[in-house]
Structures are given as structure tokens and as C-alpha cells.
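Protein chains in written order, with full-length UniProt numbering: chain Z, 1 to 364; chain X, 1 to 363. The block underneath contains the structure these notes are about, expressed in C-alpha cells.
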């Protein structure tokens, strides 16, 4: 653990030195903050020098230039964000006996957050958030997790009462998955698990979750209710730390900041069932849809006994909220966080508004 | 222990620090960080030495490694378990049946997590203060003796008390000066039933996070509030400002950050009620229980007309919440704040997890 922190501190320190002296650009990695947390203290100098020595025999690169992404890659990312909004789920492999097998590979990759801001991130299957996993009650599920990261990781199935050794808390009782290692999470889907839930790393989690190691798992009842006249969509709120910030300063919906967030278009009269997941490590959010009130149908996947209509959905870190509204007036309606500090993109002088916002278009 | 010795060495001589660094490379940064801390402890002023309004909240200074012994740590951990088990302090019963509880506010050396002991303020030498447990119909007298170096008062957020008993220092009450004492008297009414907080009502931005808070439990006139629960346990969330921070940067349950937070063992398939109290002066929290869906039964002592199911409880400073679940999966369940920088101890590289983390063991 300490070595990881040291390594990160050094990466951040070296990289901010390189960028400051050569390019003067933003730090190229999301969430490299440990150097700043310790900066100004006497211990930092020693941490650095100690780690420097370690690094001479370490195969990690000393610094990393910002990722270069092709237009095709960025278009694919944008499609992933739209697909996630439309709840396109990861296809399982069906094993003998009907077991549904999903594979998640945790790795480090370049990601376009908005405009020209490309940063290094950690995620599952090369996307942020990770792919949607969708299962139903009675399914026997196997989720194979490969760790291609430079530090250990685990996956916690937030809100699902899985067997204790599948819960993903390192050491309670299963150890974390080491770099290069694999662990298979196995459980049978029960009715306790119905609803909108999420999965995320539980190792070095303040860092790993905001680096991108989070995703959504939706559990349907054995016989899902007819959603024929309902548009079922998913918005995952995310955050990260750029420029070595100590606080979250980059705010995302489905892995993208406005104006690159996925936008929803529905026909007038459609009932929209909107699942909102707060996958941020640290911050509360307050989502509002201008022009509409929404009904809070479920919280943390649990149907509410007395659904309330609200104009602002307050959502704590790790909570999920399902809301519903009927799109009965046409036009373009912003859906955004009323916490205004979430509406800024660092290093973006072009957009008057950024971050945790998208648009919902209601057409005749 | 080894670290303490090294820290002492380095405190005595800078050369010592560099020598220790050379020989104990793996603890090098820790060693160096320890040095100014030792010096600071001997020079620092106590948290209560400044009179009057402060420009910024004042946290807790380091107490130094010699201020805490294993016996003190054990004693403090036992107090934390008593709070978790909702064991109320024994009152003195006065003629006429009045129950008198005496709280003495004073400084106390408090052990937080490996490498960190602070000069806190506590009631009766503990943080949180002892649980005060009363029943509807009780005539209650709470005596507050001020052994701090600054004025203080006692406040019961949200409790429907007479205006004269509200205890906001300098606003509703003249603060109790150092060496003085004050008395809060009230009769427990049915609308007080449930889980409540008591805390300092003076210089709140500093005093609450220095440790001046505790829990007040009000039972019905007869029996218990949750008779069907096999386990009824209390977790008070507390926050600290350490290392000179003016924002909360360390967090504990029943006074103790993980790994010292008390852990709860419950029988398999039992109904469990957890009373959660946010005694942080400033931070919201988002408390998550693994392996279960729980039901929110009551907020601030008021039962909900319909309990609400969830797995994350968002709780504001000063709020209390009673939740219930059935322990129907065997194992060790993590219970923690999902604001992920609240589950780390600052500067503590020994334990991966810290702060607002504990475990519920279902046996």
C-alpha cells in the first residue's frame, strides 16, 4: 500500500514538473493527488527521495505523457456512453449448466473526458464507467475479474447480499487480486438483489473508484414487468481529480463531461424511467431536470413505499435513485447538478458550462 | 513501539533522524514525519487555551507518544464498546426521584489510530461522553462542570426543551466559565423518545470536533423502544481536525477510527437495530452496510410513518437515524462511510483502512 502511494506521489511530482517546465499543460492523469496531499510537509521530501531510490529498480516508467487518442477511439467512447444510457448490457458467455459468465478486465488506458482533455484512467474493459451487467433473479453468475493494473484490486457488489467471500473487501476473507491475477466472483441472483445497483473497487478505493473502476449492475425480477411504453435509461454520475487536485474537480455523466455527455431524445408522452447512480468517491450531488418534476420510485434499488415527487434529487456517494416522469412538454431540457461546482471543466476555456450536465430533448 | 523510539531519537537530534532514516529505510518517511510532531507536542498550546471567538475552527493538537499507554488505549476501547452497547451512565437519584447525571468537561489525551494521540476535550474523560439514558416521566438534572480553560455549555439539538435549557453559549445562555458549573433540568416527555445528541453549544465549530459530544437515549415509560430487536447498538460518528487542519480530516465511530472502532457481533438471523448519530461538527456522511438491505425506522427520534428500505444512509451533522436489518448472511460485514476519503486515517500508512470503518460479524 505504502509503495503504491509513494509510486503515485513520484509519478505526480515528476509529471507535474515535466509538464510545468516543458509544456505547461494540465496533468495528464486523473486523480493523481497524493503528492499534493503531502506537499509542504517535511515528510514529503523524504518520501520522494526514498521512492526515487526504489524506482531505480522499478519497471514503472518515471513519467507518462498524456494519452493520444484517435478520433475513431473517441467516437467509440461516445458510443459507449450512449449505449450505457440506453442500458445496452455486456453479453455473457453461457457456460454448461446455464451459468452466465461475464469478464471484467481492470486496466489503465487513455480516456477522452471532454473537448481535448485526454487523461490516463483506470477502468473495466477499457471503458468508464465499466460495462453494464444485467442479470435476473435465479441466474447463476460468474464474473471473472482480471487485474491488469499496477496495484491490487477487488470488486464489491454494492447492495447485493452475496456470500461473504464474494463481497470484495480485501482480507475479509478473500485477499485482494494481485497485479496480473484473476479472481472469479460467483453468486446466485436472489430477489434481495432486484433493482439498480453498482459495482466498484474496494481496494485503495478513494483512488481506484474515481480513477474509473466502477460500473452498474441491474437486477431484474424473474419475470420483468413490461417496459413497452417506458423508456428505461441510465445516468452514472462520476468524478475525478485533475491537476493534482485534492478534491474532485472533474464531473461526469456516463464517463463524459458536458458537452460530451450522452443526450436523450424521447417522443412526447413517453414515460421515462431514469436510473441515477452516484459513483463518485466523495461528493453528494443534487440532480434536477429543468421543466419537470420527477417521482422518486426507488432508492438503492428498493421500491419506495410512498414515492415522492421532487424537483431536485439529492444523492449521496454510492446511492442509486430511480425516478420517473412523463415527457409531456416538448423542448430541450437540461438535466444537471444544482451543486454549481460540478458544472465546470478544468482547462476548458470554450464551454460556458461543463461537467455534470446533459440535455433531454422531447420531440413531438 | 519501534516507531515511537525512532521518533523520540529523531526528536532529540536531527542527526539521529537521518541515522534512523538510513538504517530503517522502509520507515524513513514515517520517521521523519514523527520528528516535528514530538517537538510540536511539547511546545503546543492546549486546544482550549484561546479565549473568545476564533477566526478558524481549532482542531486537536498532538499529545505526543508518551501521553498514551497500552492500558489507556484498552480503557478507551472498552468505553467505546460500552457506548456501542448503549450502556447508560448510572445517575445519582436525588430525593423526589430526580435523576442527576454529572458531566465533567476536561482535556483528555485521546488515542485515535496508530501513531496519533491527541489532546481532546471530553465529558468524564471519554469521547463520546457517556451515554445518558432516561425514560419518559423521568425528572432529569444534568450538571455540567467546566474544567476546560474556556467557557462551554451543553446543547441538545432538536430536543423539545424549554427555552431556558437550550444552552447555546452567548445566545440563549451565559456560557459557563472555566471552573464553573451549570445545571440543565427537564422532564422527559413522550415526544422525546428516541435517539438524540448532546454536545457543546459554545464555540461549536471548534469544541464539537475537539470531542465534546455524546448520545442521549430516551426510552418509553415502560419497556424498550425496539422490543423485537435482538441487538440494539449505537454508532456515534465523530470527526476530528488533526495535524493543524481547519477542516475535518479524521473520523471515528464511538470515538475511535478504524482499526480501533468497536466491532459488533450479532447472532445469525437476528433482527438488528443500529442507532447512528452524526456528531461531526461539519460533514455529511453516507453510511453503508454490506450484505444487506436495511430499513430506516426513525430520524432524529421520530419514527417514519412507513420505514424506507435502502443500503446507504445519508446523514447530516446533528442528525440521528435508527435503522434495522436481519443478519441473514453469515460472515464479516463491513459497515462504513461511502465518502471514500472518510475511510482513511491521515498519514497512517500502516492500515489500509481507517476512519469510518467497522465490521459486523454475523455468527
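Beta carbons: idealized from backbone N, C-alpha and C, even for Gly.
If you count every other CB in all the chains shown that lies within 10 Å of the CB of residue i, and 16 or more means buried, which is it?
i	result
residue 70 of chain Z	exposed
residue 247 of chain Z	exposed
residue 311 of chain Z	exposed
residue 281 of chain Z	buried
residue 234 of chain X	buried
residue 353 of chain X	buried
residue 303 of chain X	exposed
residue 276 of chain X	buried
residue 227 of chain Z	exposed
residue 202 of chain Z	buried
residue 352 of chain Z	exposed
residue 123 of chain Z	buried
residue 155 of chain X	buried
residue 276 of chain Z	buried
residue 173 of chain Z	exposed
Would you kindly work out how many angstroms separate the C-alpha atoms of residue i and residue j, rounded to a whole number?
i	j	result
residue 90 of chain Z	residue 101 of chain Z	10 Å
residue 240 of chain X	residue 121 of chain X	11 Å
residue 135 of chain Z	residue 217 of chain Z	8 Å
residue 356 of chain X	residue 157 of chain Z	20 Å
residue 222 of chain Z	residue 191 of chain Z	8 Å
residue 306 of chain Z	residue 147 of chain Z	42 Å
residue 323 of chain X	residue 331 of chain Z	42 Å
residue 141 of chain X	residue 100 of chain X	5 Å
residue 335 of chain Z	residue 288 of chain Z	6 Å
residue 30 of chain Z	residue 279 of chain Z	15 Å
residue 210 of chain Z	residue 343 of chain X	15 Å
residue 64 of chain Z	residue 296 of chain X	47 Å
residue 339 of chain Z	residue 286 of chain Z	6 Å
residue 283 of chain Z	residue 359 of chain Z	22 Å
residue 255 of chain X	residue 95 of chain X	34 Å
residue 345 of chain Z	residue 135 of chain X	54 Å
residue 213 of chain X	residue 127 of chain X	7 Å
residue 117 of chain Z	residue 261 of chain X	42 Å
residue 250 of chain X	residue 209 of chain X	10 Å
residue 133 of chain Z	residue 159 of chain Z	14 Å
residue 199 of chain Z	residue 79 of chain X	36 Å
residue 262 of chain Z	residue 60 of chain X	47 Å
Just the chain X side, please: which residues come within less than 8 Å of residue i by C-beta, in chain order?
i	result
residue 164 of chain Z	291, 329, 330, 331, 332, 333
residue 318 of chain Z	286, 288, 312, 338
residue 216 of chain Z	Within 8 Å Cβ-Cβ: nothing; residue 216 of chain Z doesn't reach chain X, min ~15 Å.
residue 294 of chain Z	Per Cβ cutoff of 8 Å: no residues; residue 294 of chain Z is ~17 Å from chain X at best.
Which residues share a DSSP beta bridge with residue i?
i	result
residue 257 of chain Z	Bridge partners of residue 257 of chain Z: none, in fact.
residue 372 of chain X	Lying before the first or after the last residue shown, residue 372 of chain X is absent from chain X, which here runs from 1 to 363.
residue 256 of chain X	X:253
residue 121 of chain Z	Z:109
residue 296 of chain Z	Z:308, Z:323
residue 276 of chain Z	Z:235, Z:321
residue 155 of chain X	X:199
Any C-beta of chain X sitting closer than 8 Å to the C-beta of residue i?
i	result
residue 299 of chain Z	yes
residue 35 of chain Z	Here residue 35 of chain Z scores only 33 on pLDDT, less than 50, and its place in the model is too uncertain to base an answer on.
residue 251 of chain Z	no
residue 192 of chain Z	yes
residue 145 of chain Z	no
residue 137 of chain Z	no
residue 68 of chain Z	no
residue 183 of chain Z	no
residue 187 of chain Z	no
residue 169 of chain Z	yes
residue 172 of chain Z	yes
residue 209 of chain Z	yes
Give me the chain X residues within the contact set of residue i, using Cβ-Cβ distance strictly less than 9 Å, ordered along the chain.
i	result
residue 239 of chain Z	Under the 9 Å cutoff, chain X gives no residues; its nearest Cβ is about 11 Å from residue 239 of chain Z.
Less than 8 Å between CB atoms is the rule here; does residue i satisfy it with respect to chain Z?
i	result
residue 203 of chain X	no
residue 344 of chain X	yes
residue 363 of chain X	no
Could you work out which residues of chain Z lie near residue i, taking near to mean beta carbons separated by less than 9 Å?
i	result
residue 308 of chain X	299, 302, 304, 305, 306
List the residues of chain X whose Cβ lies closer than 7 Å to the Cβ of residue i, in chain order.
i	result
residue 109 of chain Z	Ordered by position in chain X, no residue passes the 7 Å Cβ test against residue 109 of chain Z, which lies about 22 Å from the chain.
residue 335 of chain Z	Those within 7 Å of residue 335 of chain Z in chain X number zero; the least Cβ separation is about 21 Å.
residue 161 of chain Z	291, 292, 329
Would you mind telling me which residues of chain Z sit closer than 8 Å to residue i, beta carbon to beta carbon, in chain order?
i	result
residue 341 of chain X	206, 281, 282
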